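> Could you have a look at this structure, given as C-alpha cells, before my questions?
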C-alpha cells in the first residue's frame, strides 16, 4: 500500500497542471486505470505501473529514475506501455506499427503489460465522447483491429465485450443508436418467452437433481449487428437475441444438464459444440447448444462449471502469474505462454514493424480449426489454414523442409485447406527449401514470417547488390557522389532506424525502401551538414540528371523476377517495379497490368534494360489455333522441339463447334528472334490456322 501511495503521489506531481480533453485533471485517468487493474486483482507492481503509465511519454521521465524510485519490474512495465515518440518515422502507419510491436514484445516478456494497456484503452474508450469525430473513429478502428482481438486471444471476455460495444458505438454511431432502439422495442415482446424458458429449465434441472445457477442474457448489440451484417439478415430475422448460461457444480453435471435440456427442447442440428473436450485457443471451455424453444424461437445455451466460468470471464487475468505455488503451468497458462513465445519467434524473423503487425493480426483471428497429428495430438489453427501452416506450427524446420502432406491418410497438395477433425501428416526432406509461391496460400503469421525470413536470408547478397546499385543511380541523378562520408551515414542510420548501411541497401533491394526517397533524404542531410561540401559534386550544374537504367541478365535470383503476367523475354522493351518483399519485378513495357499499376504508383517504377550475352532461356506462352485433325498436337510439339525450344506446359481449349482447337504452350526460348523463327516454323504445319504470343 505504501509503494502504491508513493506511485500515486509521484504521478500526481508529474501530471500537475495537465488536463484531459474533458477538462478534468489528467491524474483522474491513471487513477481510473489503476482502479480497473485493482478490480482484476492484479498485484501492487501492476497497479503502480497503471498509475505511472503516462509519465515517461507525457512528462519525459527517464526509465533510470523510475528504476531508482520504484524498482526495475515497475519501470519495465511502464517502459513497455510508453509510445516511441522520439524516433522519426516515415509515416503515421509505421510509427503506429512500431509502437504496437514494442508493446506486444513487452507483453511477451510480462503479460501484465497488456493487462494494464487494456485497462488504459478501456478507460479511454469510456471517455471518448469529447474527442473530434475523426479521432474517435481512428481510435475505435484501432481498438477493433488490435486490442479487441488481443483481449479475445487472452480470454478476457468481459473486456472484449465492453470494448466491442464501445468501439461499435463510436465507429458506427447511427447504426448503434438504431439497433439499440430496435432491441429496446423488442424487449417487451420477448420478456414472456425468457421468463417461460427460465422457469421450465430451472424446474427440469432441479427435478434431475442438478444444482445449477441459470442466467438469461441479451446478446450484445455488436453481436446482433455482426450477425445481421455477415448473414445479410434484417433485425426481425435475428431470432436468437437471447442466450442462457447454466453454471453447474461438477464437470459430469455439464453433460447431464445437456442431456436434460435436449429432452426438454429439441436441439437444432449442427448447432452443438463441445469446447470442454477441445477448449478454444484462449482456454475457454463450455458446452454450446441451440434449442428450439417455445413459439419456435431458437435459444442458445452455454453450460459450464464455476472454474470454467471464471476463466471464460477473466481469461488470463484470472491468474495472470505464469506459475502457481507449486510452480506448475495450468493448461490456459501453457497456451498463453506458447502464443506469447510465438510472438518472439515472429519478431526474430521479421524485418520491420508493419510486417510484424501484419503477421500478428493474422494470428488474432478468433475462428479456429482443430486438426490432429498422426499421434492424435490436437493442433488449433486459424480458419482457412493449410497443410503447410500445420507443418510450420509443429516447428519452423519442419515447415522449411516440407515436400508433401497426407490428409486423412491420402496424399494432398500443401495448399489444401484444413477442416475440423482432419488427421495431418507431413513428409519432409533435408534438401527441400521454402518457395516464394508458398506466401500466396499460407495463413498463419508464424508460417508467413518464417518463409519471408528464409527468402530474405538466402537472397540477402543479391538484394544488397541490387539496392547498392539503385541507390548509387538515385544519388547520381541528384548530382551527388555515391560515396557517403561516415558522418552522413551515421545520421542516416539514426534517422532511419536501420542498424547498418547494408540493411538500407537490402531494404531497397527488396522494395521496402525507395532509392529515390533515400537519395532525397541524403541530399537534405548534406544541405544541413557543414562537413559535407566535398560530397556534393560542385562541378555539376543545372537540373538533376536522369537515372541510368538497371541492366537485367535474368540470372539474378529471387531479387529480380520476370513477371508471370506478360513473361518478358530478351528483345522486349521492359520496365521494372520495386515491390515490397519481392524485389524488382520486370514487366514488358506494353503489359496492361504494368500500365495500370504504373498510373497508380509511378514512384516505384524504374527503367531496365537487357544485358549482353544472356546465357539462359526464358519462359513465354504461345497460342496455336488448329483444325481438330488426328495427330495435330504431336506435329506441333515435334516442330517446337525441332526449333530448339523446350515445352514445359501444354493446355487445350476446344471450340464449341468441335472443328477447331486452341493449343496453349508455355515454352522456353532464348529471345524474341528465336521465338519469331519458331512461330514461322509452326505456322507452316498443315492444320495450323493461327499462331500468336499470349501476353494476356
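Numbering (this note's numbering), first residue to last: 260 to 955. Note that the Cβ used here is the ideal one computed from N, Cα and C, for glycine as well. Everything numeric in this text was worked out from a predicted model, so none of it was measured.
1) Could you check what DSSP says for residue 827 in three-state terms: helix, strand or coil?
2) In the DSSP assignment, the alpha helix (DSSP H) including residue 399 goes from what residue to what residue?
3) What residues match up with residue 263 in a beta bridge as DSSP calls it?
4) Can you name the residues that DSSP bridges to residue 670?
5) Looking at residue 869 and residue 823, is the spacing between their C-beta atoms short of 9 angstroms?
6) By how many angstroms is the C-alpha of residue 520 removed from the C-alpha of residue 455?
7) Here's a check: name, in chain order, each residue in its chain whose Cβ is nearer than 7 angstroms to the Cβ of residue 459, leaving out the five neighbours to either side.
8) Around the C-beta of residue 491, are 16 or more other C-beta atoms found within 10 angstroms, so that it is buried, or is it exposed?
9) Between residue 564 and residue 497, how many whole angstroms is the CB-CB distance? I'm expecting something under 8 angstroms.
10) Per DSSP, residue 629 forms a beta bridge with which residues?
11) Please state if the CB of residue 306 and the CB of residue 293 are separated by a distance shorter than 9 angstroms.
12) Note down the Cα distance separating residue 676 from residue 758, rounded to an integer number of angstroms.
13) In this structure, does DSSP put residue 923 in helix, strand or coil?
14) How long is the line joining the alpha carbons of residue 373 and residue 417, rounded to whole angstroms?
15) Can you give the Cα-Cα distance for residue 683 and residue 661, rounded to whole angstroms?
16) Taking residue 723 as the reference, give the member of 635, 751, 701 and 763 with the closest Cα.
17) Going by C-alpha to C-alpha distance, which of 315, 864, 852 and 505 sits closest to residue 843?
18) Which complete beta strand (DSSP E) runs does the segment 857 to 903 hold, if anything under 3 residues is left out?
19) I want to know whether the segment 922 to 938 touches the segment 875 to 895 - three or more CB-CB distances under 8 angstroms.
20) For the candidate residues 638, 334 and 427, whose alpha-carbon lies nearest to that of residue 400?
21) Mind checking whether residue 948 and residue 846 have CB atoms under 9 angstroms apart?
22) Could you round the C-beta distance between residue 375 and residue 309 to whole angstroms and report it? I think they count as a contact, below 8 angstroms.
23) I'd like the span of the beta strand (DSSP E) that includes residue 557, first residue to last.
24) Look at the alpha carbon of residue 504 and the alpha carbon of residue 694, and state the distance between them as a whole number of angstroms.
25) How about residue 530 and residue 547: are their beta carbons less than 9 angstroms apart?
26) Kindly indicate which three-state DSSP category residue 453 falls into: helix, strand or coil?
27) Could you check which residue in 440, 726 and 286 has the C-alpha nearest to that of residue 379?
28) Ignore the nearest five residues each way along the sequence and tell me which others in residue 425's own chain have a CB closer than 6 angstroms to its CB.
29) Helix, strand or coil for residue 544, going by three-state DSSP, please let me know.
30) Given this structure, state the Cα-to-Cα distance separating residue 852 from residue 827, to the nearest angstrom.
31) Would the segment 664 to 678 and the segment 629 to 648 be scored as touching if the rule is three or more Cβ pairs under 8 angstroms?
32) Can you tell me whether residue 278 is helix, strand or coil according to DSSP?
33) Using only the alpha-carbon positions, how far apart do residue 325 and residue 261 sit?
34) Between residue 898 and residue 855, what straight-line distance do the alpha-carbon atoms span, to the nearest angstrom?
35) Tell me the residue span of the alpha helix (DSSP H) that contains residue 703.
36) Have a look at residue 872 and residue 741 and give me their C-alpha separation to the nearest angstrom.
So, to answer that:
1) The DSSP-derived three-state label of residue 827 is coil.
2) 392 to 401
3) Paired residue(s): none; residue 263 is not in a bridge.
4) 665
5) no
6) 14 angstroms
7) Residues of the same chain with a CB within less than 7 angstroms of the CB of residue 459, apart from the 5 flanking positions on each side, are 523 in chain order.
8) exposed
9) Incorrect: roughly 30 angstroms between the Cβ atoms, too far for contact.
10) 639
11) Between residue 293 and residue 306, the CB-CB gap stays under 9 angstroms.
12) 39 angstroms
13) strand
14) Cα to Cα, the separation comes out at about 15 angstroms.
15) 13 angstroms
16) 763
17) Of 315, 864, 852 and 505, the residue nearest in Cα terms is 864.
18) 864 to 869 and 877 to 886
19) The segment 922 to 938 is in contact with the segment 875 to 895.
20) 427
21) no
22) 5 angstroms
23) For residue 557, the enclosing beta strand (DSSP E) stretches over residues 557 to 564.
24) 48 angstroms
25) yes
26) helix
27) 286
28) 384
29) coil
30) 13 angstroms
31) yes
32) strand
33) A direct Cα-to-Cα measurement between residue 325 and residue 261 gives close to 16 angstroms.
34) Approximately 37 angstroms, taken between the alpha carbons.
35) No alpha helix (DSSP H) holds residue 703; DSSP gives it neither H nor E.
36) 28 angstroms
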